[in-house]
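Sequential numbering of the sequence shown, starting at 41, is according to this note's numbering. Read the structure below first, then the notes.
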Amino acid sequence: MHTYVVMGVVFSLLALVFWGVGDFLIQKTTRLVGSWKAVFYIGVTGSVILFPFVIGQFRFLSWSEIGLLLFFSVLTLVASIFDFEALRKGKMAVVEPIIGLELPITIALSVIIRGEDLSFFQAFLMAVVFVGIVFVTTSKRVSRRSVHAQELNHSNAESRRVYIFEKGVLFAIVGALGMSGINFVVGVGSQDISPTMTIWFIDTFLAVFSFLYFVMKGNGEWKNLWSDIRRHPRIILLQGILDNAAWFTYGVATTWVSISIAITVSQGYIVLAVLLGLILNHEKITFLQKVGIGLSLGGILILSALVADHFI
């Protein structure tokens, strides 16, 4: 039993690395070709790579499991579009901690539906993460308001701070809600069906549906799918491989440990994604946002270490 738990944590750590680099590349891809095309390329990549491993599993699928996988696939499509739009429009250092909200939501689903345990201190750390997210989602802007009395005498302006939502934040919030659902259903599908079948089915649905979306748009955009790959082959293929590798290793991890353990450990990917965004994108954030990032990332890391240590 101890060996299985350790392997589950190891695969969760692998998902951490794959997601951290993968999200950075997904942001690049969405800004090059758009969110729908990024979804299509990820779906095609996973469908092709995983197909040889699921051929022998088709005969074991029941109609109820197929219906469940279809539901998982629709949820994944909707959540992925919001998630990718958040990455496309927002700063990596701001968007990723918000998406980190999927951690407590996923754990809540695991506790309520799967009956997993949650301590008071874990709930406290989730509150710390939420406070950090509130700080991260605001951006300081300075505006000047003329004061009529002073304008007549001194022509001075009064400065004040105004906090507004960062670009991509609303998409990230909705994406976090959807991604928490995906985390849960992929874990359930991996435990009850298999990791390879669950991820392959979702990938195939994403590829087929997004392709039909391009065809139905009627502007011939589907004809550019191959030309986009030829223009940006490395980044498109690499983001597809890494994202699928992340979901696969996470799915395998949930077969050895509980969903809450796998998600808490793997959520450390936010640290890597944020650091990549700051270093390579030269992204600028305010002091308040830095405090928020510290709170949210620190809370996630402590929670991950605490849960993993408790169960190991």
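Positions of the beta carbon are idealized from the N, C-alpha and C atoms, including for glycine. This structure is a prediction, so every number in the text was calculated from the model and none was measured.
Distance between beta carbons of residue j and residue i, contact taken as under 8 Å
| i | j | result |
| --- | --- | --- |
| Phe175 | Val73 | Contact flag wrong, Cβ pair sits at about 32 Å. |
| Lys129 | Phe64 | That belief does not hold up - the Cβ atoms of Lys129 and Phe64 are roughly 15 Å apart, past 8 Å. |
| Ser145 | Leu217 | With the sequence shown as reference, residue 145 is identified as Ile, and Ser is not the correct amino acid for it. Rounded, the Cβ-Cβ distance is 7 Å, consistent with contact. |
| Val94 | Thr236 | 5 Å |
| Gly280 | Tyr81 | 5 Å |
| Ser234 | Gly83 | Not quite, the Cβ-Cβ distance comes to about 18 Å (not below 8 Å), so this is no contact. |
| Phe254 | Trp262 | 4 Å |
| Phe112 | Gly229 | 6 Å |
Alpha helix (DSSP H) segment containing residue i, residue limits
| i | result |
| --- | --- |
| Arg270 | Leu265 to Arg271 |
| Asp243 | Pro235 to Lys257 |
| Ile6 | Residue numbering for the chain in the displayed model covers 41 to 352; residue 6 lies beyond these limits and cannot be assessed. |
| Ser306 | Ile299 to Ser306 |
| Ile95 | No alpha helix (DSSP H) holds Ile95; DSSP gives it neither H nor E. |
| Gly260 | That residue, Gly260, is in no alpha helix (DSSP H); it is neither H nor E in DSSP. |
| Phe211 | Val209 to Asp232 |
As assigned by DSSP and simplified to three states, the class of residue i
| i | result |
| --- | --- |
| Asp157 | coil |
| Leu328 | helix |
| Leu141 | coil |
| Gly291 | helix |
| Gly74 | coil |
Residue i beta carbon near the ligand NAD (any heavy atom closer than 8 Å)
| i | result |
| --- | --- |
| His272 | Because no ligand of any kind appears in the structure shown, any question about the ligand NAD cannot be addressed here. |
Own chain partners of residue i with C-beta closer than 6 Å, once the 5 adjacent residues on each side are dropped
| i | result |
| --- | --- |
| Ala286 | Ala55, Phe58, Trp59 and Gly62 |
| Thr244 | Ser87 |
| Ala293 | Gly48, Phe51, Ser52 and Ala302 |
| Ile269 | Ile276 |
| Glu158 | According to the sequence shown, residue 158 is Leu rather than Glu. Val151, listed in sequence order. |
| Leu109 | Phe241 |
| Ile106 | none |
| Leu282 | Phe58, Val61 and Gly62 |
| Leu278 | Leu65 |
| Ile147 | Ser300 |
Beta-carbon contacts of residue i that lie in its chain and below 8 Å, excluding the five residues immediately before and after
| i | result |
| --- | --- |
| Gly360 | This structure does not reach residue 360, given that the chain is present from 41 up to 352, and the question cannot be answered. |
| Leu115 | Gly218, Gly221, Ile222 and Val225 |
| Leu90 | Thr236, Ile239, Trp240, Asp243, Asn284 and Phe288 |
| Gly140 | Val169, Ile173, Ala216, Gln307, Ile310, Ser336, Leu337 and Ile340 |
| Arg154 | Val228, Ser298 and Ile299 |
7 Å Cβ shell around residue i - same chain, five flanking residues per side excluded
| i | result |
| --- | --- |
| Ser150 | Glu156, Phe224, Ser298, Ile299 and Ser300 |
| Ile342 | Leu165 |
| Ala119 | Gly215, Gly218, Met219, Gly221 and Ile222 |
| Phe124 | Ile66, Thr70, Ser75, Ala78 and Val79 |
| Leu53 | Val305 |
| Glu142 | Ala216, Met219, Ser220 and Asn223 |
| Ala247 | Phe80, Gly83, Val84 and Ser87 |
| Gly260 | none |
Interface flag, residue i vs chain D, CB-CB below 9 Å
| i | result |
| --- | --- |
| Ala247 | Considering every chain present, this structure includes no chain D. It has just one protein chain. |
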